[in-house]
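K.L.:
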Amino acid sequence: MKIASALLLAAACATAAAQCPHNSYAIKNATVITVSGSRLTGASVVMCNGVITAVGADAAIPADAEVLDATGLTVYPGFVDGFSQYGLPEERAAGRGARPDGAEVAAAQAREIAATLDGIPVNDPRRYLDPQPEGVESDRRTAELLDPPATLHAVRDSGVLASLVAPADGIFKGEAALVNLVGPDAPAMLIQPRAGQVIELRPAGGGGDGYPASVMGAVAVYRQTLLDAQRLQTEIGIYQKAGEKGLPPPHYDPKTSALIPLLEHQQAAYFVASDWDAILRALKLADEFHLTTPTIIGATEADKAIPQLQAAHAAVLVSLSFAPAAAAGGGFGRGGASPEEQARQRQAAEAVPAALAKAGVTFGFATYGMTARQQVVEQVKAAMRRGLSEADAWKALTLWPAQIVGAGNQLGSIEAGKIANLVVASGDPLTGDSSNQWIVADGRLLPVHPAERPARGGDRAAGGTQ
Amino acid sequence: MNRCFRYAALLTLAALPLAAQAYPTPQQAAGLAAPGDMLISNATVLTASHGRLENTSILVRAGKITAIGPKLTAPAGTPVIDGTGKFVIPGIIDEHSHTAVDGGVNEGAPSVSAMARIKDVINPHDINIYRQLAGGVTIIHIFHGSANEIGGEDAVVRLKWGLPVDEMLYPNAPQGIKFALGENPKQTANPHGRYPATRQGVNDAIRTTFIAAQEYRRRWDDYHAAVARGETVYPPRTNLNLEPIVGILEGKVLVHSHSYVSAEMQGLIDISDEFHFHIATLEHCLEAYKIVNEIKAHNIGCSTFADDWSYKMEAVDGIAYNAALLEHKGVRAAINSDSDERARRLYQDAAKVIHYGDVTEEQALQTITLNPAWMLGIDKTVGSIDVGKDADLAIFNGDPFGPSALVEKTIIDGRVFFDRAQDLANRKPVAMYERLFKPPLSLGLADDGGGQ
Amino acid sequence: MKSRLLWILAAGAAALVAQAPQPRAVAIVDARIVPVGAPVIAQGTIVFAHGKITALGTHVEVPKGAEIIRGKGLAVYPGMLDADTTVGIAEVSGHAPGTMDVNELGDFNPQLVSGKSVNPTSDILGTVRANGVTTVLVAMRGGRISAQASLVDLGLYTNDEMNLERKAALWINFPSSRGGRGGRGGAAAGGSTAQQLQQLADYFAAARRYAPIAGKTQFPQPAMAAMAPYATGAAPVIFSVSSAPDIRAAIKFGQEQHLKFILAGALDAWQVIPEIKAAGCAVLYGPLTSMPSSENDPYDAIYTTPAALARAGIPFAIVTGSAADSRNLPYNAALAEAYGLAPAAALEAVTISPAKILGVDSQVGTLAVGKRANLMVTSGDPLDPRTQIQSVYIDGLLMPPSKHKRLYDQWMARPDGGK
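Chains V, S and B, in that order, are what the protein sequence lines are.
So the first sequence is residues 32 to 497, counted in my numbering.
So the second sequence is residues 3 to 454, counted in my numbering.
So the third sequence is residues 4 to 422, counted in my numbering.
So, in structure tokens, the structure goes:
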């Protein structure tokens, strides 16, 4: 409903800018990096009810509009984060980046197993003939889990204003949502509440004692779960064909029911996969269930899989962590790389965006997997040092991820009709020394608090990655 | 002065240790994708099926052996390998491998994990593939681990280094599955009280699984019958954990069972009699020599180690003479590696079957070629040097069982996938490779990506 | 030297329970004799008595009353020496701690003597010896300073008789810059590599302070007393190391501490040949059945290292670092031979070279008059895996068949049939 109203408003505003009493806002005299078009100077951006209504040097500013004079400042579109856990409470956000220690995991799993198998004797064959998997959370809806923490402003201050969000844990992580990273409450944040299913073919417990405990077990769980969903589809078909009589109703298991939109191509499929082989595996298994045009999240070694990505018409959301595949693998199969090898892999990962751009693979950036010390802009600069052009860097931060997550009309550039997510900065963040001054999120002007701006430069600038 | 300096520089370079060559480029790999032609001339050929042939040539057309004999000629343009002084053997088949598996070789949580499939998690870029090629290995049988009495489905993989997984799977190899008896399934995951914890329990869980699979098959049979009668019914649920067991009952899936002590092997043989399926191989089977008559009567292959033993209690009665005894008594034995490391020198392990028990040269060779091919159900097309078979070959510098044997070339489908001369030529001095691949520590650690 | 009886056993285990026979000399006649370090005798005789070799050559008089063994078509080689093992102190390596006496608690245990608990009737020991390995260095593995390593003859009867040199060297798991365990040992002292090195240096310094009062003080400290010969450079220490940076660090440490030191394991030695050569230390290299340490290393990096050490003139031996796998010592040497080490050098690397490195070359390592009668009678080159080892003598005694051979004979005799 949010989308519909925004679009309606946009249409209304485009035809009659004046019809926006008391809710009009403008930035003037700015350098505007539109991303969709050319760079403008001395230009204005006019917004109404959270939507951009006009952009340009000659854009008419309504008389009652509140105006920010941005002389000497640069305005750019808020970054669209291809995947993150922003807006989720801590325990939902916990992915492999912040995993509890081994003892806690083991204890938690012991409890979980005990709960799952409650009442089933230890030697009951059901325990091994049809083991109950962990990590099938397909019926979990991000839209219902959103609970923006107070720290969300720090994310906005870094320039990230919208994101595809789903919990980090699980094989089927649940239904993702596309959200604006500004409150006040969860419903206000939603841009697209049902944005697709996010899947990762890794054991849910990180290789503990629960099932599955291996990647091949996770694949088996993926396969069994989708087969179950297909069977439900079949049952529904048979039941409807029979006129909903003569048979018991289909068994509407919530976890399998939730996957039917995915099987029927009404929802997008996202696969978290970092290293080369994980990417190839995800593409293959997407194809096994005819999940067309999957999107790969993470993709640290996507450059090595370019032919297969192209063949599958897959898009890629590259993690700005540039984490070595071995480290990202969490000790599975490829662990134990030496520091030198990890450094080499990190450098290789930084070169991936340029390689994808060169090959014409659709990609955008995601903050997923980034550490607390890493900063979006600095990570993008590392990719630029390894060959990513400035123009492509801008697009990979904004318009391309917006298009990949199905919000190309709503986000990712400074154009009339789009959601008013803007950053006002001193200087150009990708080419010069710059700091964010103001954030416009969902049409609301928010100051960047200097003390809360993430520290810049420091050891990274000294260390360099050349 | 200048000349002296250059000479010194050359010497320094020559004295530097060298680093390995890199992964094949897509262009290099493309040249290996289709089966090839070649003539190997004037070599000593150990056929593994009809003895040793001196001064013999092998002609290969489109990846198949088309002629074996003295003084063969090839059409113009056919690549020729001069085999003078060289020994050619069939490509080595490692019957028990866990190489190139991503993300854990065990789905060890449930005690039956038949739903897991090795084919889903093969990493074609694993360096061990290349290292094993360099030991003359052309086919590996990749297994699920031994944490469960019934483990996952296997893969028969050709070591086509540089090609994608799909092109590495051996065409038409029957599907196999891993069983495991004894200490490993007993010990795994027992912190949470996973049944079973005894050999008797392992035997029971396997029996129970077969009973469940029979029931499961009946449900599907009933469904198909109802559909045939025109009734409107829902299909049964597909249970991926029982599908492979049905495959075993229908003779479509081969059983390969990890086993140590003779009593547990006998117990599985009894189950196979009860449910009318055939056990393709007993794996490891260190005590197979104790029930060799029974194994022979059931036509089971024994895939064992050359001489590994005493690494756990159930291995203390293992003897290095196991394979020879089996061969002497008419049971086909294979020598496997079960190890990325050991797989690189299986020819030496096969020679130990001569050392311990004095089998013939051909029998020893068969333990790493024809016998594993037979165990995997692919011996009609590979495993020996015979006309019509795949040109999967290893060329040695001399007698492969001698003390100075090394592999010079490894050939699959008539294409050279390992060439020692090429490997040596492609090596880079370490100083250069450290610059290229090993950035200084300070640089790696100053970068704040990833570290936690 | 201990005196010992020479018992000649007619054949196999049956004779063991018979009345103890009188010591007799043994003469193996008409055999090809490969003494190592001396020219091969194409057809000759070797005589041993009272545990020692008394004669060998083309024209040797067989002493009266000697047992004569026909050696026609057979070869006689010196027994092999594996200079890095846990033979006799490790029986069932997995899930059977009661059979293992390898890792002690604590980081510094120089007072421990590895050979003290070698079990003369270990089944593993029997299979090792049956393959022609007659002497081993036994070393415990735990902590930082694991123990003193002992040279052990794999003969029969008592632990005491078997120990050739109980205190042959001091085993040190050198701190690893890669974290985890250094060398072959289990987990050792925590802290950074620099801290671990400092701890080790401090320990040696304390031992040197203690050395002058060792044996005199009323407050004896067994650990410090045990350190004295090693800390003062009188006896060798063995640094178990693997990576190139660690090898460099071990050399530096050994030189700074003025130790007589040997490198063991040393898998990445191929990267630091000049440094090892300059240090003048010996290398106990192996096992050859190790993987290259990085996937960027040449696939044959380990196999080719012995040849590289030989070319550089660095004294080295090939070792297995194992218990059960010690029986594969000759095949480790064969891998080195395949990748460039001359056949004679490969044989020396498992016989006389380790004997020299450990200072027992006057007793073992070659066939020569006056040396221990540690030898094997074979069908050919022991490094060739096809070769049959007919019999093995240690200190002049014929060794009984291994457990493997006994079970083989027992089940070969099972009649056909059954269920």
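Think of the CB as a built atom: it goes at the ideal place given N, C-alpha and C, for glycine as much as any other residue.
1) So if DSSP puts residue 304 of chain S in a beta bridge, which residue, or which two residues, is it bridged to?
2) For residue 429 of chain S, collect the residues of the same chain with a Cβ closer than 8 Å to its Cβ; drop the 5 residues on either side in sequence, then sort them by chain order.
3) So, at 7 Å on beta carbons, what are the nonlocal neighbours of residue 164 of chain V in its own chain, with the 5 sequence-adjacent residues on each side left out?
4) Put residue 248 of chain V into one of helix, strand or coil per three-state DSSP.
5) Within 8 Å of any Cβ in chain V, is that where the Cβ of residue 122 of chain S sits?
6) Quick check on the burial criterion: 16 or more other C-beta atoms within 10 angstroms. Buried or exposed for residue 389 of chain S?
7) Would you mind telling me which residues of chain S sit closer than 7 Å to residue 393 of chain B, beta carbon to beta carbon, in chain order?
8) Mind checking whether residue 195 of chain V and residue 217 of chain V have CB atoms under 8 Å apart?
9) Tell me which same chain residues have a C-beta within less than 8 Å of the C-beta of residue 446 of chain S, skipping the five on either side of it?
10) What are the boundary residues of the beta strand (DSSP E) that includes residue 63 of chain S?
11) In terms of residue numbering, what span does the beta strand (DSSP E) encompassing residue 241 of chain V cover?
12) From what residue to what residue does the alpha helix (DSSP H) around residue 65 of chain V run?
13) Looking at C-alpha atoms only, which residue of V:81, V:392, V:351 and V:391 is the closest neighbour of residue 377 of chain V?
14) Taking contact to mean at least 3 C-beta pairs separated by less than 8 Å, is the stretch 322-335 of chain S in contact with the stretch 109-122 of chain S?
15) By Cβ distance, which residues of its chain are closer than 7 Å to residue 107 of chain S, with the 5 residues on each side in sequence left out?
16) Using a C-beta to C-beta distance shorter than 8 Å, which residues of chain B count as neighbours of residue 182 of chain S?
17) Can you name the residues that DSSP bridges to residue 100 of chain V?
18) Anything in the stretch 294-307 of chain V with a Cβ closer than 7 Å to a Cβ of chain S? List those residues in chain order, please.
19) Compare the beta carbon distance of residue 284 of chain S and residue 267 of chain S with 8 Å and say whether it is the shorter of the two.
20) Take every Cβ of the stretch 105-120 of chain V, pair it with every Cβ of the stretch 434-447 of chain V, and state whether three or more of those distances are shorter than 8 Å.
21) Examine chain S for any beta-carbon lying closer than 8 Å to the beta-carbon of residue 142 of chain B, and answer yes or no.
22) Suppose contacts are defined by Cβ-Cβ distances below 8 Å. Is residue 398 of chain V in contact with residue 191 of chain V by that definition?
23) For residue 87 of chain S and residue 46 of chain S, I'd like the C-alpha separation in whole angstroms.
24) For residue 223 of chain B, return the contacting residues in chain S, with the cut-off set at a CB-CB distance below 8 Å.
25) Closer than 7 Å, Cβ to Cβ, to anything on chain V: give me those residues from the stretch 207-236 of chain S, in chain order.
26) Starting from residue 315 of chain S, find everything on chain B with Cβ-Cβ shorter than 7 Å and list it in chain order.
27) Can you tell me where the alpha helix (DSSP H) holding residue 407 of chain B begins and where it ends?
28) If we count Cβ pairs, one from each stretch, closer than 8 Å, do we get three or more for the stretch 199-211 of chain V versus the stretch 245-261 of chain V?
29) Could you tell me which of B:149, B:387, B:147 and B:140 sits nearest to residue 155 of chain B, measuring between CA atoms?
30) CA-CA distance, residue 180 of chain V and residue 119 of chain V?
31) What residue from S:95, S:129 and S:411 has the CA that sits closest to residue 381 of chain S's CA?
32) Taking residue 299 of chain B as the reference, give the member of S:132, S:347, S:239 and S:321 with the closest Cα.
33) When the Cα atoms are used, what is the spatial distance from residue 396 of chain S to residue 53 of chain S?
34) Quick one: grab the DSSP three-state call for residue 143 of chain B.
35) By the criterion of Cβ-Cβ separation under 8 Å, what are the contact partners of residue 402 of chain B in chain S?
36) Taking only runs that begin and end inside the stretch 298-329 of chain V, name each unbroken beta strand (DSSP E) of 3 or more residues, in chain order.
P.N.:
Looking at the coordinates:
1) S:284 and S:335
2) 20, 21, 22 and 23
3) 242, 243 and 252
4) helix
5) yes
6) exposed
7) What residue 393 of chain B touches in chain S: nothing, since even the nearest Cβ is about 12 Å away.
8) no
9) Low confidence applies here, because residue 446 of chain S scores a pLDDT of 28, under 50, leaving its location unreliable; read the following figure in that light. Contacts found: none.
10) 54-63
11) No beta strand (DSSP E) contains residue 241 of chain V, which DSSP labels as neither H nor E.
12) Taken as a continuous stretch (DSSP letters only), residue 65 of chain V belongs to no alpha helix (DSSP H), as it is neither H nor E.
13) V:351
14) no
15) 100, 146 and 147
16) None at all; the shortest Cβ gap to chain B is about 15 Å.
17) V:59
18) 307
19) yes
20) yes
21) no
22) yes
23) 7 Å
24) Per Cβ cutoff of 8 Å: no residues; residue 223 of chain B is ~39 Å from chain S at best.
25) 207, 210, 211, 214, 234 and 236
26) 95, 98 and 99
27) 406-415
28) yes
29) B:140
30) 7 Å
31) S:95
32) S:132
33) 16 Å
34) coil
35) Chain S residues near residue 402 of chain B: none, gap ~16 Å exceeds 8 Å.
36) 300-304 and 326-329
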